[in-house]
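Note that the sequence shown covers residues 1 to 407 in UniProt numbering.
A virtual CB, placed ideally from N, CA and C, is assigned to each residue, including glycine.
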Amino acid sequence: MTKSVAGELADLELPVERGCPFAPPAAYERLREQAPINKVRLVSGGEAWWVSRHEEARAVLADPRFSSDKRKDGFPLFTLDAATLQQLRSQPPLMLGMDRAEHSAARRPVIGEFTVKRLAALRPRIQDIVDHFIDDMLAADRRPVDLVQALSLPVPSLVICELLGVPYTDHDFFQSRTAMMVRRTSQEDRQRAFAELRVYIDGLITRKESEPGDDLLSRQIARQRQNGALDHAGLVSLAFLLLTAGHETTANMISLGVVGLLSHPEQLALVTADPGRTPMAVEELLRYFTIADGVTSRVATEDMEIGGVGIKAGEGVIVSMLSANWDPAAFKDSGELDVERGARHHLAFGFGPHQCLGQNLARMELQIVFDTLFRRIPALRLAAPIEDLPFKSDAVIYGVHELPVTW
Ligand code: HEM
Numbered sequence: 001m002t003k004s005v006a007g008e009l010a011d012l013e014l015p016v017e018r019g020c021p022f023a024p025p026a027a028y029e030r031l032r033e034q035a036p037i038n039k040v041r042l043v044s045g046g047e048a049w050w051v052s053r054h055e056e057a058r059a060v061l062a063d064p065r066f067s068s069d070k071r072k073d074g075f076p077l078f079t080l081d082a083a084t085l086q087q088l089r090s091q092p093p094l095m096l097g098m099d100r101a102e103h104s105a106a107r108r109p110v111i112g113e114f115t116v117k118r119l120a121a122l123r124p125r126i127q128d129i130v131d132h133f134i135d136d137m138l139a140a141d142r143r144p145v146d147l148v149q150a151l152s153l154p155v156p157s158l159v160i161c162e163l164l165g166v167p168y169t170d171h172d173f174f175q176s177r178t179a180m181m182v183r184r185t186s187q188e189d190r191q192r193a194f195a196e197l198r199v200y201i202d203g204l205i206t207r208k209e210s211e212p213g214d215d216l217l218s219r220q221i222a223r224q225r226q227n228g229a230l231d232h233a234g235l236v237s238l239a240f241l242l243l244t245a246g247h248e249t250t251a252n253m254i255s256l257g258v259v260g261l262l263s264h265p266e267q268l269a270l271v272t273a274d275p276g277r278t279p280m281a282v283e284e285l286l287r288y289f290t291i292a293d294g295v296t297s298r299v300a301t302e303d304m305e306i307g308g309v310g311i312k313a314g315e316g317v318i319v320s321m322l323s324a325n326w327d328p329a330a331f332k333d334s335g336e337l338d339v340e341r342g343a344r345h346h347l348a349f350g351f352g353p354h355q356c357l358g359q360n361l362a363r364m365e366l367q368i369v370f371d372t373l374f375r376r377i378p379a380l381r382l383a384a385p386i387e388d389l390p391f392k393s394d395a396v397i398y399g400v401h402e403l404p405v406t407w
């Protein structure tokens, strides 16, 4: 049976900041080596099981005996604080927090919108969007340019707006509220942002119910009407999740991907020499940065044994995808960024029934951005030393607040 570690590691309060600034914190590495499933204390209060290795991470995420339902007692406070959890519990649930039949009923009607085949039709429009923002960058009369504002945020924001039928003119509003919601800093700001965004989306769905357009949300409304009953609250939850998950994550991945490639010129050279390598490079960047670490938290619904460790019903479990994605048993020389490694089995999009619904869209956006950016601005370089970049160690989704680049 795996032992609980004593001393320094047992006293550890998580999360702790990443080192280097890319690598998982040293404590995560030690936990993975010494006690891959171990109880840890959480900064936000309470304790939970910490799952570090790739093998057990997949086992937990695929196991229906673990619940994603944040309303259940014992759900670990890792990416949430107690007040935000309370607020979430008072609202209709998001798909992310549902289990089994309730979850399938919420996810099934939207799956068709995110298949590779369906998304292929969006490729030319996404290419136009990327080219448009790069044209603006090239036309800027001053450098350095902040890549976050010039490209990373606007591309996925405009794409998800067009897909959902959200007016892009509201982007300042929903981008700032989403960024606030995923920051660990101010609890009041987070709660206000959550409430304001929910009200905004409620209004949007109400308008679409009377004046449908040609967009994903209107199609869901039509589909529900056809089936008999309109679930207004469910549509608000769906739109809320897709809008927030659909831009902030990809935006951070664009910025970090650019940092990763610019700081590993030999890897960038491999990608620019053969764009056929870009899809594999995207997988490796997703693995290397694992920006959504810890969102895959669960609570056990019955007593069980995983990896030789007994977990009791009602105990919280945090799957560290970052730790799993740097597990040398799954990725040789895991600390190296290697765009040719074939990292497709990474867990950056989660695993099991909740695996990211928008992953094909995110992949396509990342591929188009990296190919186009380095082709059109081959002399692109960071305009600040890496150690001076404002990394988002204060947020649930890792990234950079600003990314000055020049050429
Ligand atoms: C690089 C970008 C992205 C990353 C790293 C990411 C990561 C994740 C992860 C780790 C999960 C699983 C959570 C869990 O198991 O509890 C997830 C779920 C989800 N993601 Fe993403 N995501 C990204 C982009 C997107 C995009 C572009 C969309 C929408 C267009 C999206 C929509 C969703 C939804 C709806 C779920 C919930 C699925 C479910 O509960 O069944 N994500 N994402």
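Exercise for review: On a CA-only basis, which of PHE391, ASP141, PHE194, ARG184 is nearest PHE22? Give me that one, please.
Suggested key: PHE391
**Study point:** Element boundaries [beta strand (DSSP E), containing MET304]
**Key:** Taken as a continuous stretch (DSSP letters only), the beta strand (DSSP E) holding MET304 covers 304-306.
Practice item. Could you pull the start and end residues of the beta strand (DSSP E) that LEU42 belongs to? Key: 37-42
Check your understanding: So which of LEU235, THR296, MET181 has the shortest CA-CA distance to GLN87?
Key -> MET181
Exercise for review: Quick one: residues in its chain with C-beta nearer than 8 Å to the C-beta of PHE403, no 5 flanking neighbours on either side, listed in chain order?
Suggested key: For the sequence presented, residue 403 should be read as Leu rather than Phe. Contacts found: ASP146, LEU147, VAL148, SER152, SER255, VAL258, VAL259, LEU382, LEU389.
Practice item. Please confirm whether any heavy atom of the ligand HEM lies closer than 7 Å to the CB of LEU403. Key: No.
Check your understanding: Which residues mark the beginning and the end of the beta strand (DSSP E) in which VAL51 is found?
Key -> 47-51
Check your understanding: What are the start and end residues of the alpha helix (DSSP H) that includes ALA273?
Key -> 265-273
Check your understanding: Heavy atom of the ligand HEM less than 7 Å from the Cβ of GLY350, yes or no?
Key -> Result yes, Cβ under 7 Å from the ligand HEM.
Exercise for review: Go through the region 304-371 residue by residue and report every complete run of the beta strand (DSSP E) that reaches 3 residues or more, in order.
Suggested key: 304-306, 309-311, 316-319
Review point. With which residues is THR406 paired in a DSSP beta bridge?
Key: Among the bridge pairs identified by DSSP, THR406 is matched with ARG381.
Point to revise | Proximity of ALA27 and LEU42 at Cβ, strictly below 8 Å | key: no
Point to revise | Host alpha helix (DSSP H) of ALA300 (start-end) | key: It is not in any alpha helix (DSSP H) - ALA300 instead sits in the beta strand (DSSP E) that spans 297-300.
**Study point:** Boundaries of the alpha helix (DSSP H) in which THR244 is found, first to last residue
**Key:** 232-262
Review point. If you count every other CB in all the chains shown that lies within 10 Å of the CB of VAL116, and 16 or more means buried, which is it?
Key: By the neighbour-count rule (16 or more Cβ atoms within 10 Å), VAL116 is not buried but exposed.
Exercise for review: Just the C-alpha distance for ILE318 and TRP49, rounded to the nearest angstrom, thanks.
Suggested key: 6 Å
Point to revise | Spatial distance of THR2 from PRO124 (CA atoms) | key: Residue placement at THR2 is poorly supported in this model, since its pLDDT is 46, which falls under 50; the coordinates are not used for a value here.
Exercise for review: Consult DSSP for ALA195 and reduce its assignment to one of helix, strand or coil.
Suggested key: helix
Practice item. Going by CA-CA distance only, name the one from ASP128, SER320, ILE160 that's closest to PHE351. Key: SER320
Check your understanding: Which same chain residues, not among the five before or five after ARG198, have their C-beta less than 8 Å away from its C-beta?
Key -> Closer than 8 Å at the Cβ level, and outside the excluded window around ARG198, lie GLN91, VAL236, PHE240.
Point to revise | Three-way DSSP call (helix, strand, coil) for VAL17 in this model | key: For clarity, residue 17 is Glu in the given sequence; the question names Val instead. When secondary structure is reduced to three states using DSSP, GLU17 falls in the coil class, being assigned neither helix nor strand.
Check your understanding: Going straight from the alpha carbon of ALA384 to that of PRO144, what length do you get?
Key -> So the alpha carbons of these two residues sit roughly 9 Å apart.
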